[in-house]
Amino acid sequence: MNALPGLAWRSLANRRYSAGLSVLTIAISVMLLLGVERLRHEARAGFLRSVSGVDLIVGARAHPVQLLLYSVFHLGEATQNVSWASYRAIAAAPGVAWTIPLALGDSHRGYRVVGTSDDYFEHLRVAGGQPLRFAAGTRFAELHDAVLGAEVAANLGYELGDPLVLAHGAAAVNLHAHDEQPFRVAGILARTGTPVDRAVHVSLGAIEAIHRNWRFGTRIGPAPTRAELARVDLTPRAITAFHVGLKDRAASFAVQGRINAQREEPLSAIMPAVALQQLWGLLANVERALLATAACTVLAGLLGMLTAVLATLNERRREMAILRSVGASARTIFALLLAEAALLTAAGVACGVVLCQLLLALAAPWLGSRYGLILPVGLPTPGEWRLVALVLGAGIAVGVLPALLAYRRSLAEGMSVRT
Amino acid sequence: MPAESPPPLLRITDLRFAWPGQPELLAIPRFELQPGEQVFLYGPSGSGKSTLLNLVAGTLVARHGRVELAGRDLAAMAATARDGWRADHVGIVFQQFNLLPFLPMIDNVLLPCRFSARRRERALRRDPALADAARRLLAQLGLDQPGLLQRPVGELSVGQQQRVAAARALIGAPELVVADEPTSALDADARDDFLRLLFAECAAAGAALLYVSHDLSLRPRFSRSADLVALNRAMAAA
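Sequence lines, in order, name chains A and B.
Using numbering that gives the first Met the number 0, you'd call the opening residue of the first sequence number 0 and step up by one each time.
Using numbering that gives the first Met the number 0, you'd call the opening residue of the second sequence number 0 and step up by one each time.
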């Protein structure tokens, strides 16, 4: 019956407040569901983006996930270092195209300090193969030069030439400052959407310099003077970890096997994508719990709609009787109520999609700075469309109950409104 | 040779009906209604008037007997076909609350045309558009004051609502108009107005009128009347 959607719509419009509340409930639950899905999806994409181009990550023997987390995502700490000799040996091994050394452990106002070399700016790839770009300034020229990630510069308000002091350890509030050797902002990187944005980069030599006469996390002798530092060899004795790029990616397994099996020093070489898979494996239950919670709120929303439709069913017996009297079949009554549930669900889902986008747009700056998650605002992804379709299907399925009740009653009672 | 009389519009034969789990409510051996006839069917409350109207309109089906409407046995039809038959041939006016509150007056009148192509066609025979047909009927029923059509139907007086319902029953000229106590909520003046207009419009459309009421004072206005209590063997037995 072509008149059906119109009738369902006008009947709903007549009950706009209760219908509006049903739509709102569904919208909020759909917003939550899509938000969780978007977060899950973008977390994966963002993490993968952070390790694009790196074939192996090498560090002291550790669980692959732990190594991945501290070396790339600045989460957690290394328990052991890699000796400089081992690093140089692997860097010079056949098949190795480039390496990026990483010396971690210091921080600046809550942001991690990454001691590294020019190889970092040369070889690190972000966002699907893009090299790092400088928004301002250059790489390290002097020993006490620092290159800031985009977010560090933006949030702390640094500009080229500004001084900064590094702190020992990763805590945001730190008693042990390397304040006798202040640094200078030499470069600021363009935004990447990866942990690079939240790092303060200095040279390996600088890391070595600020730790001269330090043992066990505290100063044990006089601070070295600038003149002294110019004289001494600042080649580090150890680094925390390093990235490896291979000439031939297919050799990854062979090189990984060789590093893991060498006897000189217990090291772990991991393939980032594999370690990420392990990480997702560990987080799968959490993800599932989040999705299940969101799915339950959707269910609650749909049950709310069911309650609203069922509650009106009795007071609408007259409406059904009138429709029957002018020729509507019991099937039409069924379809009318089903169309109503479908309309409510569809409106709720549409509002939910819009609300989700609004929420993402509002939360994007915070999520970006706090967790490095870049959540693009835009049309739903295929995964989200699938969820949308599922919710619509569930809404229509829920609508079958009142539709069936009205159908049976209009068959049993005809046009009589028996009270 | 005697002229063969035309077939009745409505013929009830050996009809028996009971609501589930209840004693038999209706047992009517025979009842007929000729095309264009205006019949008063008297029945006190509880006598099964409304149930009988459901059976005539095909929204209920008796387990026994025949209800032939416009030449078809309703019980022999599939449910959807029966609903279509009702939309094509019957207009119904209830006691009160006849209108869908969320539709404008014209749309309420045109409801049967949404469900019946036949009624749509017949309504368009005299008027260029369906809305014109509805407006003409409403005007003939005295609902042509300026601004009235735009009013939400819930704001109309009961008498006005009943006249809108009559227009709905008459649109597209069905052969049978069934009225179930349509004046019981009206005062005497409104009742007289309503009946006069209903008779006139049924006659103009060539529709038969089956008017069911417990109000015996209306009986003299009809050319024929019947007593449901006398017709109904089930009642007589009880």
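Glycine residues also receive a C-beta, built at the ideal position from the N, C-alpha and C atoms.
Residues of the segment 104-122 of chain B with Cβ closer than 8 Å to any Cβ of chain A, in chain order: L110, P111, R113, F114, S115
Q.
So, at 8 Å on beta carbons, what are the nonlocal neighbours of A:L342 in its own chain, with the 5 sequence-adjacent residues on each side left out?
A. As a first step, residue 342 of chain A is located in the first sequence; it is residue number 343 there, counting from the start. Here the set comprises P4, A7, W8, L11.
From the beta carbon of A:A329, is the nearest beta carbon of chain B less than 9 Å away? For the purposes of this step, residue 329 of chain A is taken as the residue at position 330 of the first sequence. Answer yes: the Cβ-Cβ gap between A:A329 and chain B drops below 9 Å somewhere.
Worksheet item: What is the residue span of the alpha helix (DSSP H) that A:Y406 lies within?
Response: Taking the first residue of the first sequence as position 1, residue 406 of chain A is located at position 407. Unbroken alpha helix (DSSP H) run through A:Y406: 381-412.
Reduced DSSP category for A:A237 - H, G, I as helix; E, B as strand; rest coil: To locate residue 237 of chain A, count along the first sequence from 1; it is residue 238. A:A237: strand per DSSP, three-state reduction.
- Going by beta carbon distance, what residues of the same chain come within less than 8 Å of B:R240, once the five residues before and after it are set aside? What is shown of chain B runs 0 to 237, which leaves residue 240 of chain B out entirely.
_Beta-bridge pairing of A:Q129 - partner residues as DSSP gives them_ = Here residue 129 of chain A corresponds to residue number 130 of the first sequence, with the count starting at 1. The partner list for A:Q129 (beta bridge, DSSP) reads A:V125.
Exercise. Inspect the beta-carbon positions of B:Q160 and B:F96 and report whether they are closer than 9 Å.
Key: Your numbering for residue 160 of chain B matches position 161 in the second sequence. Your numbering for residue 96 of chain B matches position 97 in the second sequence. Their beta carbons are under 9 Å apart, which means B:Q160 touches B:F96 by this criterion.
Who are the Cβ neighbours of A:D420 in its own chain at under 8 Å, not counting the five residues just before and after it?
The requested residue 420 of chain A does not occur in the structure, where chain A is confined to residues 0 to 418.
Since A:T239 contacts A:L101 with CB under 8 Å, what's their CB separation in whole angstroms?
-> Translated into positions along the first sequence, residue 239 of chain A becomes position 240. Translated into positions along the first sequence, residue 101 of chain A becomes position 102. Going by Cβ atoms, the distance from A:T239 to A:L101 rounds to 5 Å, so yes, they are a contact pair.
Task: Spatially closest choice to A:R315 from A:A294, A:L275, A:S415, by CA coordinates - done: Stepping through the first sequence from its first residue, residue 315 of chain A is reached at position 316. Ranking the options by Cα distance to A:R315, first place goes to A:S415.
*asked:* Ignoring anything shorter than 4 residues, give me the alpha helix (DSSP H) runs that lie fully in the segment 301-367 of chain A, in order along the chain.
replied: 316-324
### Task
Would you check if the distance between the CB atom of A:D105 and the CB atom of A:A152 is smaller than 9 Å?
Walking along the first sequence from the start, residue 105 of chain A turns up at place 106. Walking along the first sequence from the start, residue 152 of chain A turns up at place 153. No. Outside cutoff.
- A:F420 burial status per 10 Å Cβ neighbour count (16 or more: buried): Absent from the structure is residue 420 of chain A, since the part of chain A shown begins at 0 and ends at 418.
- prompt: Residues bridged to B:F16 by DSSP?
  reply: Stepping through the second sequence from its first residue, residue 16 of chain B is reached at position 17. According to DSSP, B:F16 bridges with B:L25.
query: Alpha carbon to alpha carbon, what distance is there between A:L32 and B:Q94?
result: The residue labelled residue 94 of chain B in the question sits at position 95 within the second sequence. The residue labelled residue 32 of chain A in the question sits at position 33 within the first sequence. If you take the alpha carbons of B:Q94 and A:L32, they lie about 50 Å apart.
Own chain residues within Cβ distance below 7 Å of A:G303, not counting five before or after: Sequence index remark: in the first sequence, residue 303 of chain A carries index 304 (1-based). The answer, listed in chain order, is S21, T24.
- Task: Classify A:R9 as helix, strand or coil using the three-state DSSP reduction.
- Result: Sequence index remark: in the first sequence, residue 9 of chain A carries index 10 (1-based). Three-state DSSP puts A:R9 in a helix.
To test your reading of the DSSP string, which unbroken beta strand (DSSP E) runs of 3 or more residues are found completely within the segment 69-147 of chain A? 95-107, 110-115, 133-136, 144-147
- Task: Please look up how many angstroms separate the CB atoms of B:L209 and B:K48, rounded, as I've assumed it's under 8 Å.
- Result: If you number the second sequence from 1, residue 209 of chain B lands on position 210. If you number the second sequence from 1, residue 48 of chain B lands on position 49. 10 Å between Cβ atoms; not a contact.
Check whether the Cβ of B:M0 lies closer than 9 Å to any Cβ atom in chain A.
-> Here residue 0 of chain B is taken as the residue at index 1 of the second sequence, counted from 1. Its pLDDT being 46, under 50, B:M0 is placed unreliably by the model, and the measurement read from it follows with that caveat. Chain A contact via Cβ: absent.
Q) CB-CB under 7 Å to A:A294, same chain, minus the five flanking residues each way: which ones, in chain order? A) Taking the first residue of the first sequence as 1, we reach residue 294 of chain A at position 295. Cβ within range, chain order: L32.
(request) Would you verify that the beta carbon of A:L32 is, or is not, closer than 9 Å to some beta carbon of chain B? (result) Residue numbering aside, residue 32 of chain A sits at position 33 when the first sequence is read from its first letter. So, not an interface residue.
#### Entry: Whole-angstrom distance between B:L147 and B:N231, CA atom to CA atom
Within the second sequence, numbered from 1, the residue matching residue 231 of chain B stands at position 232. Within the second sequence, numbered from 1, the residue matching residue 147 of chain B stands at position 148. So the two alpha carbons sit approximately 43 Å from each other.
**Asked** Using the rule of at least 16 other Cβ atoms within 10 Å of the residue's Cβ for burial, across every protein chain shown, is A:A310 buried or exposed?
**Response** As a position in the first sequence, residue 310 of chain A is number 311, starting the count at 1. It counts as exposed.
Based on DSSP bridge pairs, tell me the residues matched to B:I11. On the second sequence, residue 11 of chain B is found 12 positions in, with the first residue counted as 1. Paired residues: B:F30, B:V66.
Interface residues of chain A facing B:I91 [CB-CB closer than 8 Å]
Numbered from 1 along the second sequence, position 92 holds the residue referred to as residue 91 of chain B. Near B:I91 (Cβ distances below 8 Å), the residues of chain A are S324, V325, M414.
Q) Is the segment 160-173 of chain B close to the segment 22-42 of chain B, with three or more CB pairs under 8 Å? A) no
**Message:** Nearest by alpha-carbon distance to A:V57: which of A:V352, A:F241, A:L275 is it?
**Reply:** Against the first sequence, residue 57 of chain A aligns to sequence position 58. Of the candidates A:V352, A:F241, A:L275, the one whose C-alpha sits nearest the C-alpha of A:V57 is A:F241.
Exercise for the section: Would you tell me roughly how many angstroms separate the C-alpha atoms of A:L420 and A:I27, rounded to the nearest one? Expected result: For chain A, the structure presents residues 0 to 418; residue 420 of chain A sits outside this window and is missing.
Can the beta-carbon of A:L123 be found less than 9 Å from the beta-carbon of A:G114? For this step, residue 123 of chain A is matched to residue 124 along the first sequence. For this step, residue 114 of chain A is matched to residue 115 along the first sequence. It is not a contact, given that the beta carbons lie outside the stated cut-off.
| request: Name the residue from A:T344, A:R407, A:A363, A:L322 whose alpha carbon lies nearest to the alpha carbon of B:D82. | output: As a first step, residue 82 of chain B must be located in the second sequence, where it is residue number 83. Ranking the options by Cα distance to B:D82, first place goes to A:L322.
*Taking DSSP as the reference, what is the three-state secondary structure of B:D226?*
Residue 226 of chain B sits at position 227 when you count from the first residue of the second sequence. It is a strand residue.
Considering only C-alpha positions, which residue in the set A:V53, A:R248, A:A77, A:L67 is nearest to A:P130?
Translated into positions along the first sequence, residue 130 of chain A becomes position 131. Comparing Cα-Cα distances from A:P130 to each of A:V53, A:R248, A:A77, A:L67, the minimum goes to A:V53.
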